[in-house]
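Listed in order, the protein sequences are those of chains U, W and A. Each step along the first sequence adds one to the number in our numbering, with nothing skipped, and position 386 is 401. Each step along the second sequence adds one to the number in our numbering, with nothing skipped, and position 48 is 244. Each step along the third sequence adds one to the number in our numbering, with nothing skipped, and position 166 is 382.
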Amino acid sequence: MSAPELLDLTVAQALERIRSGELGAGEYFDAYASAAAGDELNAYLWRAEPGSTPSGAHPDGDLAGVPIAVKDIFCTEGIQTTAGSKILEGHRPAYTATAVRRLTDAGARVLGKTNMDEFAMGSSNENSAYGPVLNPWDRARVPGGSSGGSAAAVAGRLAPWAIGTDTGGSIRQPASLCGVVGMKPTYGAVSRYGMIAFASSLDQCGPVTRDVTDAAILMRALEGRDACDQTCTGIDGGVELPRREDLRGLRFGVPAELSGDGIDAGVRAVFERTLERIEELGGEVTETQLPNTAEGISAYYVIAPAEASANLSRYDGVRFGLRQPAEELTEMYETTRAAGFGAEVKRRIMLGTYALSAGYYDAYYGRAQRVRTRIAEDFAAAFERFDFVVTPTSPSVAFELGERVDEPLAMYLSDYCTVPMPLAGIPAISIPAGLAAPEAGGPELPVGFQIAGPAFSESRILDAAFALEKTIGFTLAPAGSASQPGAGEEGR
Amino acid sequence: MIDRDEVLHVARLARLQLDDDEVEQAARELSTILEHVDRIGSLDLEGVEPTSHVVALENVLRPDEPRPSWPREQMLEGAPDPVEGAYRVPSPQAAAE
Amino acid sequence: MSDWEAVIGLEIHVQLSTRTKMFCGCELSFGDEPNVHTCPVCLGHPGTLPALNERAIRHGLAIALALGCEVAPRSIFHRKNYFYPDLPKGYQISQYDTPLASGGRLGDVRIHRVHLEEDAAKLIHVGESGRIHGSGASLVDFNRGGTPLVEIVTEPDVRGAAEAREWAQLLRETVRQLGVSDVNMEEGSLRCDANVSIRPAGSKELGTKTELKNMNSFRFLERGITAELERQRSLVDGGESVVQETLHFDPTSGELTPLRSKEEAHDYRYFPEPDLVPLAPSPDVLDEIRAALPELPGARRDRYTGELGLAADIAAQLAFSPATGDYYEQTLAAAAGAEPRVIANWVIVELVPRLRQADGGDDPAASRVEPAALAALAGMAQSKQISHGSAREVLAVLIAEGGEPAAIVEREGLAQISAGDELEAAVRAAIEAEPEAAEQVRSGNDRAIGRLMGAVMKQTQGRADPGEVQKLIRGLL
Ligand SMILES: [Mg+2]
Ligand SMILES: [Zn+2]
Numbered sequence: 016m017s018a019p020e021l022l023d024l025t026v027a028q029a030l031e032r033i034r035s036g037e038l039g040a041g042e043y044f045d046a047y048a049s050a051a052a053g054d055e056l057n058a059y060l061w062r063a064e065p066g067s068t069p070s071g072a073h074p075d076g077d078l079a080g081v082p083i084a085v086k087d088i089f090c091t092e093g094i095q096t097t098a099g100s101k102i103l104e105g106h107r108p109a110y111t112a113t114a115v116r117r118l119t120d121a122g123a124r125v126l127g128k129t130n131m132d133e134f135a136m137g138s139s140n141e142n143s144a145y146g147p148v149l150n151p152w153d154r155a156r157v158p159g160g161s162s163g164g165s166a167a168a169v170a171g172r173l174a175p176w177a178i179g180t181d182t183g184g185s186i187r188q189p190a191s192l193c194g195v196v197g198m199k200p201t202y203g204a205v206s207r208y209g210m211i212a213f214a215s216s217l218d219q220c221g222p223v224t225r226d227v228t229d230a231a232i233l234m235r236a237l238e239g240r241d242a243c244d245q246t247c248t249g250i251d252g253g254v255e256l257p258r259r260e261d262l263r264g265l266r267f268g269v270p271a272e273l274s275g276d277g278i279d280a281g282v283r284a285v286f287e288r289t290l291e292r293i294e295e296l297g298g299e300v301t302e303t304q305l306p307n308t309a310e311g312i313s314a315y316y317v318i319a320p321a322e323a324s325a326n327l328s329r330y331d332g333v334r335f336g337l338r339q340p341a342e343e344l345t346e347m348y349e350t351t352r353a354a355g356f357g358a359e360v361k362r363r364i365m366l367g368t369y370a371l372s373a374g375y376y377d378a379y380y381g382r383a384q385r386v387r388t389r390i391a392e393d394f395a396a397a398f399e400r401f402d403f404v405v406t407p408t409s410p411s412v413a414f415e416l417g418e419r420v421d422e423p424l425a426m427y428l429s430d431y432c433t434v435p436m437p438l439a440g441i442p443a444i445s446i447p448a449g450l451a452a453p454e455a456g457g458p459e460l461p462v463g464f465q466i467a468g469p470a471f472s473e474s475r476i477l478d479a480a481f482a483l484e485k486t487i488g489f490t491l492a493p494a495g496s497a498s499q500p501g502a503g504e505e506g507r
Numbered sequence: 197m198i199d200r201d202e203v204l205h206v207a208r209l210a211r212l213q214l215d216d217d218e219v220e221q222a223a224r225e226l227s228t229i230l231e232h233v234d235r236i237g238s239l240d241l242e243g244v245e246p247t248s249h250v251v252a253l254e255n256v257l258r259p260d261e262p263r264p265s266w267p268r269e270q271m272l273e274g275a276p277d278p279v280e281g282a283y284r285v286p287s288p289q290a291a292a293e
Numbered sequence: 217m218s219d220w221e222a223v224i225g226l227e228i229h230v231q232l233s234t235r236t237k238m239f240c241g242c243e244l245s246f247g248d249e250p251n252v253h254t255c256p257v258c259l260g261h262p263g264t265l266p267a268l269n270e271r272a273i274r275h276g277l278a279i280a281l282a283l284g285c286e287v288a289p290r291s292i293f294h295r296k297n298y299f300y301p302d303l304p305k306g307y308q309i310s311q312y313d314t315p316l317a318s319g320g321r322l323g324d325v326r327i328h329r330v331h332l333e334e335d336a337a338k339l340i341h342v343g344e345s346g347r348i349h350g351s352g353a354s355l356v357d358f359n360r361g362g363t364p365l366v367e368i369v370t371e372p373d374v375r376g377a378a379e380a381r382e383w384a385q386l387l388r389e390t391v392r393q394l395g396v397s398d399v400n401m402e403e404g405s406l407r408c409d410a411n412v413s414i415r416p417a418g419s420k421e422l423g424t425k426t427e428l429k430n431m432n433s434f435r436f437l438e439r440g441i442t443a444e445l446e447r448q449r450s451l452v453d454g455g456e457s458v459v460q461e462t463l464h465f466d467p468t469s470g471e472l473t474p475l476r477s478k479e480e481a482h483d484y485r486y487f488p489e490p491d492l493v494p495l496a497p498s499p500d501v502l503d504e505i506r507a508a509l510p511e512l513p514g515a516r517r518d519r520y521t522g523e524l525g526l527a528a529d530i531a532a533q534l535a536f537s538p539a540t541g542d543y544y545e546q547t548l549a550a551a552a553g554a555e556p557r558v559i560a561n562w563v564i565v566e567l568v569p570r571l572r573q574a575d576g577g578d579d580p581a582a583s584r585v586e587p588a589a590l591a592a593l594a595g596m597a598q599s600k601q602i603s604h605g606s607a608r609e610v611l612a613v614l615i616a617e618g619g620e621p622a623a624i625v626e627r628e629g630l631a632q633i634s635a636g637d638e639l640e641a642a643v644r645a646a647i648e649a650e651p652e653a654a655e656q657v658r659s660g661n662d663r664a665i666g667r668l669m670g671a672v673m674k675q676t677q678g679r680a681d682p683g684e685v686q687k688l689i690r691g692l693l
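Next comes the structure, spelled out in structure tokens:
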């Protein structure tokens, strides 16, 4: 089999061939290591050498020999882990994150560490201290963020799959913008130990894959209780591989607040076409309301920065990472942090510190937590009537690099379809649903479709997504990606 | 809405040194963001419990069993200024001890 | 001066004697090489999370229940945010508006709250000090960082420096008997801060308080508060007012120096710790901990003064040292029908000080003196089988060798000579030897009897019964 063909296989397909002896695990890994070595998207911050011996990989595991790209927010023992920040340049963790450990225990091998918005703060990947990631569909555009490196690598055939983290949409939005599958699990499904914290009550690790089956395989390996993360329970009963062919008997709620005004016309067309497909498959589609999700962005941009302001206090130049020389302690702190953090991180630290400071807690943090309760109640009520809530993942397709960097609020507002789910702690998946042209014109770009379900309904979400994926038939790879010297035209 | 002095106070709390331009910019940007966020100020949230944990878990505890500590040299490896098995820092200005 | 009343509240931090730290598996230590008890968690490395120690919670609950507090049905942890090199995460995990327990009382002092938190690391200043922009440096040792702490905050019910010391000692003994802490002030496993203010006697209002820190012994606690009360009184008497500040006690000079006030007021930006789930101690767990509580010093002291009629100071000495109290009770049980006060005297006044002199220890249970032996000795003295002086000699032998008092009395020939020819002969001999004194006694000068008695005692090596001797002298003269 030729290398380009190899790179077009899903992991499930590759595993089948590895098991049948048709494909060597080393060969599979090396094909990706070579592809990653030619990374023109700036998707990687560190890459394994082709032919490198696997460290700690179990040759007999379910994922024996399969390469995986890991967002640079996961600690990997001895391998630089920066979270996209200058303050952690050269930081080599003493230990490996539980999520990564679970994968390598199953035989997977770390292919590389993917670029990301600094400390996962961003929706475009332009906030990386190591330069922006380019969208493989159009290199003048952003891949989304913060797991932009993971999404771009998977879409650009530089990795068969990847893990990322999602706090307010950081897996689902880049998956949407890059035309791949991304899932944010229920809070507590996957261990956060070793995952550098952004907003601890929201952060979750999840898969970025080519298709839904791979997402299920990866979820299955990732989830599970961990004594090192006392908020983590794993998923009772595990995750099943999806097999559903239709959507008969399933009820889909379409919340007006997350699918109406503000969605670009092209995205809306793909979204509506997808709703029709649901009905074609026997599903029932009903409009509904999640009134409090309209305040999701406000609540999110109080809670996440507040938690981040504390989580980022440990970058103080004392025990690890960057230190600026100074005569006096406060000066050392202030100059180190000024030099080590980028503009967006500083902005969120300032915002979060302000929201928690004396006299403002009740008005901001306290109220945001109550809004959070309301949003969770909205979802709970919806799930009494529906199996799933569906929305576009992102109100627009990938935007141009630099387009929104000067308008933090505009950038924040574009997250409104994805922030309500982590606020409620519930799982959601984004699958590619088609292509649409940007509002200002230009070649068509991927559009994501989001399916959210109640807490710990991962298997059911994956099952529905699997049936839908089949009828959508999105098998496109971006033109010029490692497997596609020219554009792929089939599949719409 | 949020002025220079407030920005400086918050930057001080957060131990972030900002130059004059950054202070101006922060005042502008934070004001814009807070103006939006202030929407939640007008909601009627009477009687609504705050959510600090989305998982319904209680009493998750670790047994009090020792595990070996990590080698000191390994822990100090990435330290900016290791001295005699310790982490050296500039003294606090207001040291009274 | 006397028309001012002291209003003092105490804040006590107790290091819990768990095996491991609050949030990681590193062992607790004291006095080891720096940074040998650390790991990525207690160093606050990126990506690490706290894992709450079960025993720390149980120890905290034991303290709360022993102090008669109401345990919160559900409490959560908060992050207390501030920057300091001894605080690796940039926040301390503590409890804020929902502490583990609140209310309660120990002795005369009400308890405001009891909460759990983690200890800071140790910062050692090594550079030169005193210069405003000095290039001084400090070293951080994270061995202590993350040690489980219980913080106990009292209501401002303490009315004087000595009372503060006494109460703190009662608290220490209480916690010690729970077996949940070493409560050693010198080593810092018990730390006591005081909030001190004064107000006109009888007033209900609270004056401006100052916070006193670093008083690392009970003596220093008393001295620090005394000094601060004096300072506040002279300020107010001089028409000035007290400024709210934190004062640092210097044990060498005994002086209080203000900690230079920080440029910004403390703004800890507390918010709920997302990495830990709430605590909701079940009734079963609480019952189990309550059932396992030992008799506490306060209750024991009250039992000794009430049921047994002991003097307050002796009762406290017995009650505050559980080993001594147990020894006392065993001795009392062995001494059938003996006066509790007498036995208490034997333990506290006779035995313990001699043990201390002999080898520095003061635990009777660890000595060679069996409770039954002490009881027998007390009985022999009470029934005048031996004199008091002889009894002390027997005690010295018991301390050195152990054994039975009766056998020692026999062996050493210490039985009291209380009547008979032997005693009469000794008295006659004394009168002969001291004719002058005998003459004075005859002529009505009773004070001269002492000389004669001394001579008798000398001759009998202290075995003579003093009452009998006096009777004989009077009879013969
Ligand atoms: Mg405290
Ligand atoms: Zn540790």
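Note that beta-carbon positions come from the ideal geometry of N, C-alpha and C, so glycine has one too. Source: prediction; values computed, not measured.
Could you compute how far the alpha carbon of D153 (chain U) sits from the alpha carbon of P447 (chain U)?
In a straight line, the C-alpha of D153 (chain U) is about 16 angstroms away from that of P447 (chain U).
If we cut at 9 angstroms on Cβ distances, does F358 (chain A) have a partner in chain W?
Taking Cβ atoms only, chain W reaches closer than 9 angstroms to F358 (chain A), which makes this a yes.
Leaving out the 5 sequence neighbours to the left and right, which residues in its chain are closer than 6 angstroms to P264 (chain W) when beta-carbon positions are compared?
Closer than 6 angstroms at the Cβ level, and outside the excluded window around P264 (chain W), lies no residue.
Please confirm if S445 (chain U) has its CB atom under 9 angstroms from at least one CB of chain A.
Not an interface residue.
Under the criterion of a Cβ to heavy atom distance below 8 angstroms, does L394 (chain A) qualify as lining ligand 2?
L394 (chain A): no, Cβ never under 8 angstroms from ligand 2.
What is the chain-ordered set of residues for which the beta carbon lies under 7 angstroms from any non-hydrogen atom of ligand 1?
Those residues are A:H229, A:S310, A:E333, A:L365 and A:E367, given in chain order.
With a Cβ-Cβ cutoff of 9 angstroms, do R389 (chain U) and P320 (chain U) count as a contact?
Taking 9 angstroms as the Cβ cut-off, R389 (chain U) and P320 (chain U) do not qualify as a contacting pair.
Please report the Cβ distance between I665 (chain A) and V672 (chain A), rounded to the nearest whole angstrom; I am assuming they are in contact, meaning their Cβ atoms lie under 8 angstroms.
The pair is not a contact, with the Cβ atoms about 10 angstroms apart (cut-off 8 angstroms).
Where M197 (chain W) and A323 (chain U) are concerned, what is the direct C-alpha to C-alpha distance, given to the nearest angstrom?
Taking the straight line joining both Cα atoms gives about 23 angstroms.
Is there a C-beta anywhere in chain A that falls below 9 angstroms from the one on M210 (chain U)?
Answer yes: the Cβ-Cβ gap between M210 (chain U) and chain A drops below 9 angstroms somewhere.
Can you tell me whether G553 (chain A) is buried or exposed, with buried defined as 16 or more other CB within 10 angstroms of its CB?
By the 10 Å Cβ count, G553 (chain A) comes out exposed.
Considering only heavy atoms of ligand 2, does any lie closer than 8 angstroms to the CB of T363 (chain A)?
T363 (chain A): no, Cβ never under 8 angstroms from ligand 2.
With a threshold of 16 other CB atoms inside 10 Å of the CB of P200 (chain U), please say whether the residue is buried or exposed.
Buried, because 16 or more other Cβ atoms sit within 10 Å of the Cβ of P200 (chain U).
Measuring only from the beta carbon, is C220 (chain U) closer than 8 angstroms to any heavy atom that is part of ligand 2?
Not under cutoff, so the answer is no.
Can you tell me which of W:Q213, W:V219 and W:R211 puts its alpha carbon nearest to the alpha carbon of E177 (chain W)?
Past the boundaries of the shown model lies residue 177 (chain W); chain W is included only from 197 to 293, so the question cannot be answered.
Taking the alpha helix (DSSP H) that Q448 (chain A) falls in, what are its first and last residues?
Start and end: F434 to D453.
Decide yes or no for the touch test of the region 551 to 570 of chain A against the region 606 to 617 of chain A: beta carbon pairs closer than 8 angstroms, at least 3 of them.
Output reads yes: the region 606 to 617 of chain A touches the region 551 to 570 of chain A.
List, in chain order, every chain U residue whose beta-carbon is nearer than 7 angstroms to that of A207 (chain W).
Correct list: M365.
I'd like the list of long-range same chain contacts for E504 (chain A), defined as Cβ closer than 7 angstroms, with 5 residues on each side in sequence excluded.
So the list is empty, once near-sequence residues are dropped.
For M197 (chain W), go through chain U and note every residue whose CB falls closer than 9 angstroms to its CB, in chain order.
Neighbours of M197 (chain W) on chain U: none; closest Cβ ~11 angstroms, over 9 angstroms.
Select from U:G336, U:G99, U:Y43 and U:T119 the residue whose C-alpha is nearest the C-alpha of D75 (chain U).
Ranking the options by Cα distance to D75 (chain U), first place goes to U:T119.
Sorted by chain position, which residues of the same chain lie with C-beta nearer than 7 angstroms to R268 (chain W)'s C-beta, five sequence neighbours on each side aside?
Here the set comprises G281.
Looking only at its chain, what residues have a beta carbon closer than 8 angstroms to the beta carbon of R200 (chain W), apart from the 5 residues adjacent to it on each side?
Here the set comprises V219, E220 and A223.
Are the C-beta of V279 (chain W) and some C-beta of chain A separated by less than 9 angstroms?
Chain A, which has a Cβ nearer than 9 angstroms to the Cβ of V279 (chain W), makes this yes.
What do you reckon, are the CB atoms on E260 (chain U) and E473 (chain U) nearer than 9 angstroms?
No. Outside cutoff.
Could you tell me which residues DSSP pairs with C220 (chain U) in its beta bridges?
DSSP output for C220 (chain U) lists U:T180 as bridge partner(s).
Using a 10 Å radius around the Cβ and a threshold of 16 neighbouring Cβ atoms, would you call H331 (chain A) buried or exposed?
H331 (chain A) is buried by the Cβ-count criterion.
Closest Cβ-Cβ distance between H229 (chain A) and chain U: below 9 angstroms?
No - not a single Cβ of chain U is within 9 angstroms of the one on H229 (chain A).
Do you know how far the Cα of L38 (chain U) is from the Cα of R32 (chain U)?
For R32 (chain U) and L38 (chain U), the distance between alpha carbons rounds to 5 angstroms.
Closer than 9 angstroms, CB to CB, is C242 (chain A) near chain W or not?
So yes, C242 (chain A) belongs to the interface.
Roughly how many angstroms lie between the CA atoms of G362 (chain A) and F239 (chain A), to the nearest whole one?
Those two C-alpha atoms are separated by around 7 angstroms.
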